[in-house]
Every structure is written in structure tokens, then in C-alpha cells.
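Shown next, in C-alpha cells, is the structure this report addresses.
There are 2 protein chains.
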Amino acid sequence: MTPTITAFAASPDRGRGMARDMPVRWAFEEVGQPYNVRLVSFAEMKEPAHLAHQPFGQIPSYEEGDLWLFESGAIVFHIADRHASLLPEEPKARARAITWMFAALSTIEPVITEWEVPEYFEQDKPWFRERQRLLDDRVRKRLRALSARLGDADWLDGAFSAGDLLMVQVLRRLHGSGLLEEFSNLAAYVARGEARPAYKRAFAAQLAVFTALNG
Amino acid sequence: MTPTITAFAASPDRGRGMARDMPVRWAFEEVGQPYNVRLVSFAEMKEPAHLAHQPFGQIPSYEEGDLWLFESGAIVFHIADRHASLLPEEPKARARAITWMFAALSTIEPVITEWEVPEYFEQDKPWFRERQRLLDDRVRKRLRALSARLGDADWLDGAFSAGDLLMVQVLRRLHGSGLLEEFSNLAAYVARGEARPAYKRAFAAQLAVFTALNG
């Protein structure tokens, strides 16, 4: 059965692949699982029909027969759990790869999404510049630790895994900030992720939604 | 083999069970798995011996023979994956319970930990009050959605799961704020979690570390 995910009909990122359907599309492409996409408007996301399956009124949700899931991290895990290649078979390596999934979403992503808030919502506040510096340093502290761990390896723990997929996707949010470039091995790590054929197919698919709307 | 986790030698929360060893201890207690605790000082957390197993210099880490893990969410998942009772056997129910684990850590926890930041670090800033109101509203928005989903159920999806364990632990951070009390079903949900014998044993164990240090 082909699963169906929801995605923004009009993504606020203008097709830059920052919306949360991107890691799910990427995971589908890595494992070779075809998928359908149902586009939803902002109004539809707040309606009971959507909230029944995505209680926070966000995207993506995931539908496979009578199974409904939400949370991009959980959906990526579900895809990785059902197919080979995104999580190692060997139990210890598998547990370590899952650790990196949680690290991406719990330790790295929150400082990055918070770092994005002032630019969108606090530009006109008197505290804007001072807070931006605090938030830059918070991101740097985490990147420094991640950079030290990655060292000169290609991926975080052996072969490319769902942990790398989520970590690269989270770090991509820093594109254009200069922060990622302060850690050359992390910039190269993100570039390696973006060079994967599965990433490119996923990126093209989400960009096509934006292009069709605005083309 | 009895696993060993690390915890703060001197927890900054003064034994209130907010440190990240708490959900891991709780999970061990729920499944009946004995565990050892190695206490680490703030200085030790930044040393290479600890960073080798916890790259961000935090607690907890998890050691089981030659398997080392970190990230409390990943460790709780590992415990739930290896034992019965914290994740349903039935695959669809299991995937839904895992979804709630990610929802607790990705959708609810970040707005709550951010909400805590000004109290600790921005009390002296001119923006303190105005930002606090913004952050209160951000937390409320998420609690409103969670409250609507929970309704009058005891737990988020059927029986108590690792998803509820992480969600209750995350919501506990709001104790004393008044925000949780605006949603009576969520306050009752947290109280149900805290009334579980496994929770009480875990809480007592972490409090004993603080009491021994200051007794």
C-alpha cells in the first residue's frame, strides 16, 4: 500500500526544503518507497479533519491504510524501521543510529529553530540585536561539540543512517547564516548529505509544488 | 548485565526530578530493570572521558557492556524496545506510541525549555516581561492542542506508554507556573503519571542523591 503524507500547499519557505515534509520525502527516496502527497492549505490544517490526525495542526501527517502517524521524526523512524538501509541491522549500531536521530531533534534542532525566531518575529523589538548574539553563541556551542565528534568521518556513526538524514536536514536551516561555515567539517557533512541522489529527488519534488503554484 | 547511567553529582534542580536522568530512571522502574548510576561533576562532564560517550557534555549517558548511548529520549526508547510494557506489541499501536515520544521531545519540550530561559538568564534584561508573555502564549498554544487531543482519556493512546512517560516528564517542567492548571485534563494527566509507583521510585532515587549531598 502506498502511503500518503500531507505537505504545505504553499510552503512558507518558498520551496527551499525547510518544511517538515522534506526529511520524510528524503527517507522515502533513500529506501525506494513510492509515496503520495496531499497538499493542505493553512486553513485546512486547522480544520477537524486534519487535526484528527495531526493534533498540532501542522504538516506532515502520514497515512497508510488505517495507520495514521504525525511528527516528521516519528515518520522517518517508521520508514527506517520498515525498510533496510536507513538503520543498521546489528542491534548496537542500530541503537546508536537512533541516538543520533534523537540528538538531531532534541539537542541540535531546538537551538536552531529558536535562533530563527527573532528574524521572523522580533526584528522590530529593541532587544533584537542583543538576543541574536546570545542565540548565535548558543548555536555555536552545539556545533562545536558536534564538529568535534564528527571529526573527519563522513557520517556520525559508520554508514549513512536516519540519524544523519535528520541531522543534515536540521543543520541545513543554518544555510546563509555563516555559522555552519565556521565549522568546515560540518559544512562538508551537510554538502555530502545534499549530494545524495535521494536527497536531490526529494528536494526536487517539494520544489515542484512551489513552482507549480508560482510558475 | 546491569546498565549504568550517568547523572549529576549536584543537580541544579535540587532534586526536583527535572534533570534528564529522571525519565531514564522512570523507564527502568516501569520495566523492572535494575540499573547503576555513576554521578559526575560539572567538571567531569566536560572531560574527554565523558565526552567520548556524551559528545555534548551532558547527562545522562548509558553504558551496557560495549554499548554506549546518550540522549534521554533515545535511552528511554532503547529500554522500551528491549522490554515489554512501555511500547505496545501490535505494530500500529507501537508506531503511534513512538509518535508521542517524538511529539513530547520535538513539539512540546522545546517551547517549554525556551519558556524557562528568561527566568534563569534574562531577569535583568529590559525585554524580560514582554518576552515572558510571548513565551507563555507559545506554551499555551501547544497545551491547548494537546489538551484537545487528550480529552477525557487517561493516556494519549490506549495504555500508558513511553510516549506518556516522556510527555508527563516534559509537562512537569511547568509545575508552579499556573500554565498547566489552565488545562485541567493536562494537570490531571501529569498527576496520574506522578502517582505511578515506578515514577515514585525513580523520583525518590534521584532525590536521594541531592539529600545525601546536602543532608
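Which chain is which? The protein sequence lines are R and Y, in order. In this text, residue positions in the first sequence follow my numbering: the first is 1, and each later residue adds one. In this text, residue positions in the second sequence follow my numbering: the first is 1001, and each later residue adds one. Where is the CB? At the ideal position from N, CA and C, for every residue including glycine.
Beta-bridge partners of Y62/R (DSSP): I5/R and L69/R.
Going by C-alpha positions, E182/R is about 12 Å away from K141/R. L1069/Y belongs to the set of residues whose beta carbon lies under 8 Å from a beta carbon in chain R.
Put simply, of W127/R, G73/R and L186/R the residue whose alpha carbon is nearest the alpha carbon of D21/R is G73/R.
Contact check for V76/R against V117/R fails: the beta carbons are separated by 8 Å or more. Contact check for L1171/Y against L1186/Y passes: the beta carbons are separated by less than 8 Å. Within its own chain, the residues whose Cβ lies closer than 8 Å to the Cβ of A1103/Y, once the five positions on either side in sequence are excluded, are G1163 and M1167, listed in chain order. Taking 9 Å as the cut-off between beta carbons, the residues of the segment 113–127 of chain R near chain Y are T113, E114, V117, F121, E122, K125, P126 and W127, in sequence order.
Shown here for L1213/Y: same chain residues with a beta carbon closer than 7 Å to its own, the five before and five after excluded, namely A1010 in chain order. Under the 8 Å criterion on CB atoms, F1102/Y is classed as interfacial with respect to chain R. Between L87/R and R94/R a beta carbon distance of about 5 Å is seen, short of the 8 Å cut, so the two are scored as contacting. Scanning chain Y for C-beta atoms nearer than 9 Å to the C-beta of F42/R yields nothing, as the closest lies near 15 Å away. Check the Cα spacing between F1160/Y and each of M1001/Y, G1057/Y, W1026/Y and L1134/Y: the tightest is with W1026/Y. A straight line joining the alpha-carbon of F56/R with that of A153/R spans about 37 Å. At a cut-off of 8 Å between C-beta atoms, A162/R does not count as an interface residue with respect to chain Y. As computed with DSSP, V1037/Y is found in a beta bridge with I1005/Y. Residues of chain Y with a Cβ closer than 7 Å to the Cβ of H78/R are, in chain order, A1095. For L86/R, the secondary structure class from DSSP, reduced to helix, strand or coil, is coil. When CB distances to chain Y are screened at a threshold of 7 Å, the residues of the segment 32–64 of chain R falling below it are P55, F56 and G57, in chain order.
Within the segment 1078–1154 of chain Y, the runs of alpha helix (DSSP H) at least 4 residues long that lie entirely inside it are, in chain order, 1091–1102, 1109–1121 and 1128–1150.
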